[in-house]
Structure formats: C-alpha cells, structure tokens
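Here is the structure we will look at, set down as structure tokens.
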Amino acid sequence: MKSESDAYDSSGDQSPYDYQPLKPGQIRLLQAEWVTEPSLQHVFPWTSSRKSLELHTVRVELEEQHNYEAVSYVWGTAPASVSVMCNGCPVFITPTLHELLGFLAGAGRNLWVDAVCIDQRNSEEKAMQIPLMRLIYSKAEAVVIWLGASDSSVTAFMEELPRVCKLSRSWTPTDPTGDIYWRGKDWPPDGDPFWEGLFHLVRHQWFARLWTFQEVVLAKRGYIVYGNMWRLLEDFVAFYYPEQGASGSYVVPGVDHYDQIPNLDLSLSIAYNACSVINWRHSKGSDTPVQLAELPSLLYHVRHRRVTEQVDRVWAIAGVLSESLQARLSSKIDYGEGSRSQYWTTYLSFSKAVFEEEQSLVLLNIPPSVGQHHIELPSWCPDLSSSELACNLKINHSWRARQLPKARQRIWWFDPQHDVQKCVEKRAAVVDHSLKSISINSNDSILNVRGFVVDTIEEVVDGAGLLPLWRRDPCNDWRDLDPANAAIRTIVAYYLQALKLAQRTRCKQDDTTLPREFVSCLFRDSRFSTEAERFCVDMFHMLELVMEGMEEGYRHIAPDKRHWGAKLWRILTRLIGHSFFATSSGRFGIASPGCKPGDGTCVFYGGEPLYVLQHEGTGVEAKAVKFGGVAFIPHLMDQDQRDDARLGPDETFAIS
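Going by this note's numbering, the sequence shown opens with residue 5, and the numbers climb by one from there.
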C-alpha cells in the first residue's frame, strides 16, 4: 500500500482514531469543511476573518449502500506540515493532501481518502483494509483523480478536450493529406497551447504510480480534476488511446515540444501505457477480475510504475485478481518492517498462490530481467522488483490467438484463412491436459511440474546484451537506420546472425533463402501470409545493405510496400533481448534471454510455451534444474506435435 506514514502526523498523544477503531468489513468516510474561525475584529479592527479546514470521519459498513467518492492522487514528497483538526484532534497533513481536500470540501460530501480514512500508523489496520480496496473503489459513486491546482497551460487542454475529442471521433476526411493525424481545419495545430497542456498533464506522477492503476480500473466512473476543472476519464482515455480501428494515437508532439519539455518521450510512453491498460481493463468490465491468461500481461505492463514499497508490486494489484486468489493472499498482507525489507517473501507467497490455487504456469511467461535475479528467490519465481532491463513479453500464447478480421494488431501479416474453432480446440488440448500436475514443496520452495524433454539447445545467438544498448540509443524509424551508428550496426548484425543460424539449421549449410521457421519466430506464429513472408525477404535484404554501409536502404523496397516497413521494424525492436537458438535435432526457435548450449527444451503439461531448463549436473538426465525461460519452436507448439517429439517418458521436474 502507499506508504502514507508521513501524510499526516498527530501533534499530540491523542489520535483522531481513538474512538473509531475499525472492525472487519468497516471503513471510514471523510467529510472536509471550511469553517470560519472566531473573529477578533472587535478587538483588532484591522484583522479579517479566517477560514480553516476541518475533517471529520465516520465508521460505516462497506457492504451497506453509501454515497461517497474515492480519491486517487499522488501525495508528493513534502512532509506533513499543514495543521488541521480531525475529529477534534490537531494533526498535520501534507500540502498536497490539504490542497485537494480544500478543493473537494463541501457540506455533506463523503470522501474516501486513504491517508486519512486509514490509520497509517496502525499496521494491523492497514493489513485489514488492503483486502477491501477492490470494494472501496468499485462501490464508490465515482473516483476523483486529483492532479493538482490549476495551471494555465493545462487549463487550455481541459477547456478544449470535449471539442477536440468530439472532432477526433466524428471527423471524416474529404481532402486527404499526408498527415494521418490531421482532423480538419478546426484541429489544434502543432504548437497550439492545447498540446502543450496535454504534454504537461501526462508528465504528472499520477500516471506513473502503481496504486493509482488499481484505484482507477476498479471505478464505475472516473473524473480527472485539475483545480476547479474536471473532465471524464473515459474521454481522456479515448482521446489518448484511440479505439481499435483508429489510425493511431492523436498525440503527435512537434519538435518544439520535444525540445522544451524534459523527459517528454518517457512521459508520453508511460501515460500511453497507463491509458492502454485502463482501456483494456474497462473493456473487460471494472468488476471483472483479471483472467489467468492476462496476468503476465498485467504484471508486465505495470512493471515500470513507481511504488514506495516493493511489496506494493503485489498488493497494489490484488484488488483486480480473482476472489480465490484474494482470499488466499489476504492473510499474507504484512507491512511490518520485516516484510518490507524482505520484500521477496511477498513475491514468493504471491507466486505460490498462483501456481497452486489456480494450477497454472502463466507466471513463467513473464520475461526475466537481464540483470541479477534476486538470490533469495527460486528461479521459477518472477522478480517483480527488477524491471529496468526486462525484454518485452512476446512469447506467450499469440500463436493460438484468435485473429478476427477487424482486429487491429498483427492483421497486416496474418493469413485470415484459418479455422478459429481449431485454434480454440488446440489451446484447450494444451492448457487443460489431463496429466497436468503442479505443486510446490513447503519446506524448500521446489516447483514440481510434470512433463517431458523434446530437444536440447545446441547453438545460441543471444540478444541479452543488446537491451542496454538499445535503451541508450533507440532508432524507432526504420528509414533512419544509419550505417555509421554503432548501436544500429550491432542490432542489425544480431538479426543477420540469427538468420544465418536459421539457414544453417534448415539446410545444414549456408543458404540465401529466408527460412519459414525464421519468419515464424519473428511473428511467434506460423499463420502468416505469403505477402508478409515476401516483405520479410525484402526487409532483411535491406538490413544487409545497411551493414554494407548503404544509407537510405529503404529506397530499395517498392514504394507500395514501404508502409509495412515501420510495422516489421517495430516487431524486430520488440524482440531485442531474446535469444535465437538451434537444437541438436535440427530445429530453430526463439527464447527469453539467458538460454545456453546444453539447456533442455521441455513440455510442461498445462503450459502453452515450451520451457527451458538449465541442468546443474551433466546431461539432460541431471535431476537438479533451474528454470531458464520460455521458448517458441515452429511446428512444436501443439500437443500432438509435442507428443511426437518427446525424447523420453514423462517425468516430474524439480525446479529450484
């Protein structure tokens, strides 16, 4: 939970909660009012009357119906320094908290604000209240997102948002231009105060915090409040993250904005990601728990959000999990000093609950960090605190995803001639296999999974070392591949080396063709069109020209095909960090970083990807194994294909 111990500070021995202890299922609601202090004008005529903020809380049963608004905010780093009265007791609160309560104050207005409604100095009360977060935010009439007092630049954006949002939805081009984001003569031009206000708004820390994610995705309705102005959250999200079928985000800052606003690229990315997750969750229904298949994606997408305590990586999303998981985890919530300093024990408890309660292996899909895995965690438990150098989540279950004709993602390369029902049946044959067996030893945290070995990795083209290089010097435009740029040359060489490995694996010698197995690994799917395959040939020919020193190599691609260039380059850049490999049986595949020659590729019953196991002994028969990541091998992802490829009988892998 938010570490709010400094959000308020009692100025005496008496606490504002002494006469309001909470019982299970109870919460406090808050009312804030401006009251006029007694005037001394009859004694000192030159003085004027003053108003001060007073707070009152009341206990209520959460299961009962109450009209209240829950507040989502970032309290800032300033200490509690503003004195107010709460339940008749003097307390100090932070300037941010005083500011937002001052704006939201009103007679009869019920609020839920975590810093005041929970006794932040009572760890037992905090542990009791955290499991109620889902109900607190989902039962609120609305969630008020407080972003601060008014600012002239943001005011321009807030004033214009309804008009511009309506224009973005209704405008139909009659005179096409080269700018796909232009929406007619009434669209704010580049450099307009509207855009400047938006860019300043998305730099707010609210978009980067993890607790605010849970608070807003659970809401029936959300309002963005900036000073005395408010706008519907759904309007902002729809504008910033357009619906499927739109031509792309409308947020296209001009060069001037990039120069004037520090860290704008990062802020835009974090806010865009936040809106995409909010949109994704709201499309499922705010009261719908996260499905197991979605859990890796959720943990992956929120990994860069900021937390005060590392245990919040789990507790801040607990409210969107299934009821069975919440029930199992609720007794584990602990904000004591020991749990906060040994935060990895929370990750282990969470992972055990997912594996055992849900009998699922989905957490193994989360890409490991290239950095050091925490020494106290078993190899199969994701280190949620490590996110800076984690490759993208690209090896999950996309090879069996249902590809509907109107889907925006991946449709450019996908061959629509496929059997949707067959995809569903094939996935069920893997996930619901009758031999699935998952357990964890209570004494040593060994994960026991039933499965079998299908192959052994023989040669690897490892991309793990490219992640820091790419983060320092990214190239997002495929037309700007500069042969003189050392980072670009290193990354292009990585893909060409992987291609050569695929060619040798298939033909046992160098070949000039682009193997279908290689293309399958790029898409993590074998259902691509012939046209997409041909474009991959053109793209890799262009990459070879870049390595030969040719500038503007994209001009060698037919103009009518260049619109695919950006899409394929995006796929390639999102695979950076993964490892391409060849096996002893002549197969070619792709895996998350860290695999090495001698590692086994295995099937776990109930698991969709293939799994890499690293043997601490010698040979694939060694019993002590470490989890080494997930893998995709073309023509080995369906259960019947796996059964045919097995190298031996079933066994129970004991993974430490």
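For glycine and all other residues, C-beta sits at the position ideal for the given N, C-alpha and C.
Residue i to residue j, Cα distance in whole Å?
{"i": "Val607", "j": "Val541", "result": "32 Å"}
{"i": "Thr159", "j": "Met233", "result": "8 Å"}
{"i": "Leu661", "j": "Asp529", "result": "Summary: the structure shown does not reach residue 661, with the chain confined to residues 5 through 660, and so no result is reported for it."}
{"i": "Ile265", "j": "His204", "result": "Residue confidence for Ile265 is low, a pLDDT of 41 falling below 50, so the modelled location carries little weight; the figure read from the coordinates is stated next. C-alpha separation (whole angstroms): 8 Å."}
{"i": "Pro293", "j": "Pro135", "result": "14 Å"}
{"i": "Ile149", "j": "Val95", "result": "24 Å"}
{"i": "Gly92", "j": "Pro192", "result": "51 Å"}
{"i": "Val117", "j": "Val75", "result": "6 Å"}
{"i": "Pro379", "j": "Pro300", "result": "Here residue 379 turns out to be Ile, not Pro, going by the sequence shown. The alpha-carbon atoms of Ile379 and Pro300 are separated by roughly 22 Å."}
{"i": "Gly633", "j": "Glu313", "result": "27 Å"}
{"i": "Val255", "j": "Asp196", "result": "Unreliable positioning characterises Val255 in this predicted model, as indicated by a pLDDT of 49, which lies under 50. A coordinate reading is not provided."}
{"i": "Gly602", "j": "Pro371", "result": "21 Å"}
{"i": "Ser326", "j": "Val318", "result": "13 Å"}
{"i": "His70", "j": "Glu238", "result": "24 Å"}
{"i": "Met137", "j": "Ser334", "result": "11 Å"}
{"i": "Gln24", "j": "Ala144", "result": "21 Å"}
{"i": "His545", "j": "Arg510", "result": "19 Å"}
{"i": "Asn480", "j": "Asn400", "result": "24 Å"}
{"i": "Asp190", "j": "Tyr244", "result": "18 Å"}
{"i": "Ile337", "j": "Glu68", "result": "25 Å"}
{"i": "Gln133", "j": "Ile31", "result": "8 Å"}
{"i": "Cys279", "j": "Leu388", "result": "21 Å"}
{"i": "Ala212", "j": "Glu164", "result": "24 Å"}
Counting C-beta neighbours from all protein chains within 10 Å, is the total for residue i 16 or more, i.e. buried, or is it exposed?
{"i": "Leu505", "result": "buried"}
{"i": "Ala432", "result": "exposed"}
{"i": "Pro166", "result": "exposed"}
{"i": "His582", "result": "buried"}
{"i": "Val168", "result": "buried"}
{"i": "Val220", "result": "buried"}
{"i": "Leu115", "result": "buried"}
{"i": "Gly342", "result": "exposed"}
{"i": "Ala394", "result": "buried"}
{"i": "Leu59", "result": "buried"}
{"i": "Lys565", "result": "exposed"}
{"i": "Thr81", "result": "exposed"}
{"i": "Pro83", "result": "exposed"}
{"i": "Val39", "result": "exposed"}
{"i": "Ser524", "result": "buried"}
{"i": "Ala119", "result": "buried"}
Report the CB separation of residue i from residue j in whole angstroms; it is logged as a contact under 8 Å.
{"i": "Gly112", "j": "Tyr230", "result": "In fact, because the Cβ distance is near 24 Å, the residues do not count as touching under 8 Å."}
{"i": "Thr494", "j": "Leu526", "result": "With 8 Å as the limit, Thr494 and Leu526 do not qualify as a contact, their Cβ atoms being about 19 Å apart."}
{"i": "Ala322", "j": "Val311", "result": "Rounded, the Cβ-Cβ distance is 13 Å, inconsistent with contact."}
{"i": "Ser660", "j": "Pro382", "result": "6 Å"}
{"i": "Gly569", "j": "Trp474", "result": "The pair is not a contact, with the Cβ atoms about 18 Å apart (cut-off 8 Å)."}
{"i": "Glu462", "j": "Ala586", "result": "6 Å"}
{"i": "Glu41", "j": "Ala146", "result": "Between Ala146 and Glu41 the Cβ distance is about 32 Å, and since that is not below 8 Å, they are no contact."}
{"i": "Leu329", "j": "Asn369", "result": "Incorrect: roughly 17 Å between the Cβ atoms, too far for contact."}
{"i": "Val629", "j": "Ala658", "result": "7 Å"}
Using a threshold of 7 Å, state whether the C-beta atoms of residue i and residue j are closer than that.
{"i": "Tyr351", "j": "Arg454", "result": "no"}
{"i": "Leu33", "j": "Val64", "result": "yes"}
{"i": "Ile637", "j": "Leu617", "result": "no"}
{"i": "Asp459", "j": "Arg591", "result": "yes"}
{"i": "Ala497", "j": "Asp477", "result": "no"}
{"i": "Phe522", "j": "Leu547", "result": "no"}
{"i": "Val88", "j": "Gln209", "result": "no"}
{"i": "Asp316", "j": "Leu214", "result": "yes"}
{"i": "Ile442", "j": "Phe532", "result": "no"}
{"i": "Glu456", "j": "Arg307", "result": "First, the residue type needs correcting, since residue 456 is Phe and not Glu in the sequence shown. Against a cut-off of 7 Å, the Cβ pair of Arg307 and Phe456 comes out as no contact."}
{"i": "Tyr304", "j": "Leu222", "result": "no"}
{"i": "Leu572", "j": "Met554", "result": "no"}
{"i": "Pro20", "j": "Cys121", "result": "no"}
{"i": "Met162", "j": "Arg235", "result": "yes"}
{"i": "Ser157", "j": "Gly201", "result": "yes"}
{"i": "Glu612", "j": "Val434", "result": "yes"}
{"i": "Lys600", "j": "Val465", "result": "no"}
{"i": "Leu365", "j": "Pro386", "result": "no"}
{"i": "Tyr452", "j": "Thr656", "result": "Before going further, note that residue 452 is Asn rather than Tyr in the sequence given. Yes, these two residues count as a Cβ contact at 7 Å."}
{"i": "Asn283", "j": "Val241", "result": "yes"}
{"i": "Lys55", "j": "Tyr339", "result": "no"}
Would you check whether the ligand FMN has a heavy atom nearer than 6 Å to the C-beta of residue i?
{"i": "Ser443", "result": "Among the components modelled here there is no ligand, and therefore nothing to report on the ligand FMN."}
Complete beta strand (DSSP E) runs within the region 591 to 646 (minimum length 3 residues, chain order)
592 to 595, 604 to 608, 614 to 619, 629 to 636
What are the start and end residues of each continuous beta strand (DSSP E) run of 3 or more residues lying completely inside the region 136 to 220, in chain order?
146 to 150
Unbroken stretches of the alpha helix (DSSP H), 4 residues or longer, contained in the region 416 to 496:
424 to 435, 470 to 476
Residue ranges of each alpha helix (DSSP H) run of no fewer than 4 residues wholly in the region 340 to 368, ordered along the chain?
341 to 345, 348 to 361
For the region 570 to 594, which segments carrying the beta strand (DSSP E) assignment without a break, of at least 3 residues, lie completely within its bounds, in sequence order?
583 to 587
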